Amino acid sequence: MSASPAGTADDLATQLVAHSLACAFLSRLTYEEPSAELLGDLTAEGLPDAWSVRPQDPGIVDGLALLHEALSTWGPTEVAGLRRDYRRLFVGPGKVLAPPWESVYLSADHLVFDKQTSAVRGLYAQFGLRAPNLRREPDDHLGLELAFMVHLGTSAIAALERADEGALSSLLGAQRAFLGEHLVRWAPACFARIEEHADTAYFRGVARLGEGTLRGMASDLGVPERNGSSGGAHA
Numbered sequence: 009m010s011a012s013p014a015g016t017a018d019d020l021a022t023q024l025v026a027h028s029l030a031c032a033f034l035s036r037l038t039y040e041e042p043s044a045e046l047l048g049d050l051t052a053e054g055l056p057d058a059w060s061v062r063p064q065d066p067g068i069v070d071g072l073a074l075l076h077e078a079l080s081t082w083g084p085t086e087v088a089g090l091r092r093d094y095r096r097l098f099v100g101p102g103k104v105l106a107p108p109w110e111s112v113y114l115s116a117d118h119l120v121f122d123k124q125t126s127a128v129r130g131l132y133a134q135f136g137l138r139a140p141n142l143r144r145e146p147d148d149h150l151g152l153e154l155a156f157m158v159h160l161g162t163s164a165i166a167a168l169e170r171a172d173e174g175a176l177s178s179l180l181g182a183q184r185a186f187l188g189e190h191l192v193r194w195a196p197a198c199f200a201r202i203e204e205h206a207d208t209a210y211f212r213g214v215a216r217l218g219e220g221t222l223r224g225m226a227s228d229l230g231v232p233e234r235n236g237s238s239g240g241a242h243a
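Numbering (the working numbering), first residue to last: 9 to 243.
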């Protein structure tokens, strides 16, 4: 097996697992409306206790502390408050405070279902995937893009385990390209808006954890950090 960006094959496997777990966790928190079932799963899985993407990053430390606070005290009243916050941030009615779609940040008119949505849809299709609510919900939702990173990462782990160098190289390249050409260009601005407008520790934690995790993944994969949303987001 040739040398990998993470060093040895064991180092690469550790990195792939860490990135996949982090993206899976963040995907759920940004895509699923909070519910007793979701919060129970998050508490039982204990993922914040096992965070392994740059765990000393100040943003990740702060984000985990805020999520621990939220997950240690949740009950019916707190779930209702989290749902209200989720809808304010991501759904509406009214102005969506932290639009979770790439095209809102990167398209010229800051609209959903623009060319960025089509580009992401095409990338999913290359790997046999499609958005769950095709053409009814933008494919470039933050939670779906993070889930795509999970798919690429777990597929790369499988290729590494069967010593398929060609597939591994292709999957690592796809993961690095998707992170650099999509997520790091707009998701930091989305996380900043979540942090600015969130009413709950839960979503402030999501914002801090997400921003720090993307920064760590970009560093691990040699992807330059950049934010292409200087024009602002409108929704």
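All C-beta atoms in this analysis are idealised placements derived from N, C-alpha and C, irrespective of residue type, glycine included.
The structure displayed is predicted, hence computed values, not measured ones.
Residue i - DSSP class collapsed to helix/strand/coil
{"i": "residue 9", "result": "Residue placement at residue 9 is poorly supported in this model, since its pLDDT is 41, which falls under 50; the coordinates still yield a value, given next. Coil."}
{"i": "residue 82", "result": "coil"}
{"i": "residue 149", "result": "strand"}
{"i": "residue 194", "result": "helix"}
{"i": "residue 28", "result": "helix"}
{"i": "residue 237", "result": "Caution is warranted here: a pLDDT of 44 is assigned to residue 237, below 50, making its placement in the model unreliable, and no coordinate value can be reported."}
{"i": "residue 202", "result": "helix"}
{"i": "residue 48", "result": "helix"}
Sub-7 Å separation of residue i and residue j beta-carbons
{"i": "residue 110", "j": "residue 124", "result": "yes"}
{"i": "residue 21", "j": "residue 61", "result": "no"}
{"i": "residue 75", "j": "residue 224", "result": "no"}
{"i": "residue 201", "j": "residue 106", "result": "yes"}
{"i": "residue 184", "j": "residue 112", "result": "no"}
{"i": "residue 51", "j": "residue 29", "result": "no"}
{"i": "residue 87", "j": "residue 44", "result": "yes"}
{"i": "residue 220", "j": "residue 65", "result": "yes"}
{"i": "residue 128", "j": "residue 147", "result": "yes"}
{"i": "residue 149", "j": "residue 101", "result": "no"}
{"i": "residue 154", "j": "residue 31", "result": "yes"}
Minimum C-alpha distance to residue i - residue among the options
{"i": "residue 33", "options": "208, 228, 194, 156", "result": "156"}
{"i": "residue 180", "options": "218, 94, 52, 226", "result": "226"}
{"i": "residue 211", "options": "171, 185, 77, 19", "result": "77"}
{"i": "residue 93", "options": "196, 220, 215, 19", "result": "215"}
{"i": "residue 18", "options": "168, 233, 231", "result": "168"}
{"i": "residue 151", "options": "115, 198, 63, 162", "result": "198"}
{"i": "residue 178", "options": "45, 219, 67, 163", "result": "163"}
{"i": "residue 135", "options": "40, 186, 52, 171", "result": "186"}
{"i": "residue 90", "options": "65, 130, 46, 67", "result": "46"}
{"i": "residue 35", "options": "191, 206, 204", "result": "191"}
{"i": "residue 130", "options": "82, 182, 115, 204", "result": "182"}
{"i": "residue 114", "options": "42, 59, 196, 137", "result": "196"}
{"i": "residue 24", "options": "172, 117, 165, 188", "result": "165"}
{"i": "residue 41", "options": "83, 173, 133, 97", "result": "97"}
Neighbour flag for residue i against chain D, beta carbons, 7 Å
{"i": "residue 141", "result": "Going by chain labels, chain D is absent from the structure shown, which holds only one protein chain."}
Complete beta strand (DSSP E) runs within the region 210–234 (minimum length 3 residues, chain order)
As far as the region 210–234 is concerned, it has no whole beta strand (DSSP E) run of at least 3 residues.
The region 65–72 contacting the region 124–136, beta-carbon criterion three pairs below 8 Å:
Between the region 65–72 and the region 124–136 there are fewer than three C-beta pairs closer than 8 Å, too few to call the two in contact.
Curious, which full-length beta strand (DSSP E) runs of at least 3 residues does the region 119–169 contain?
Positions of the beta strand (DSSP E) runs, each at least 3 residues long and wholly inside the region 119–169, cannot be given because no such run exists.
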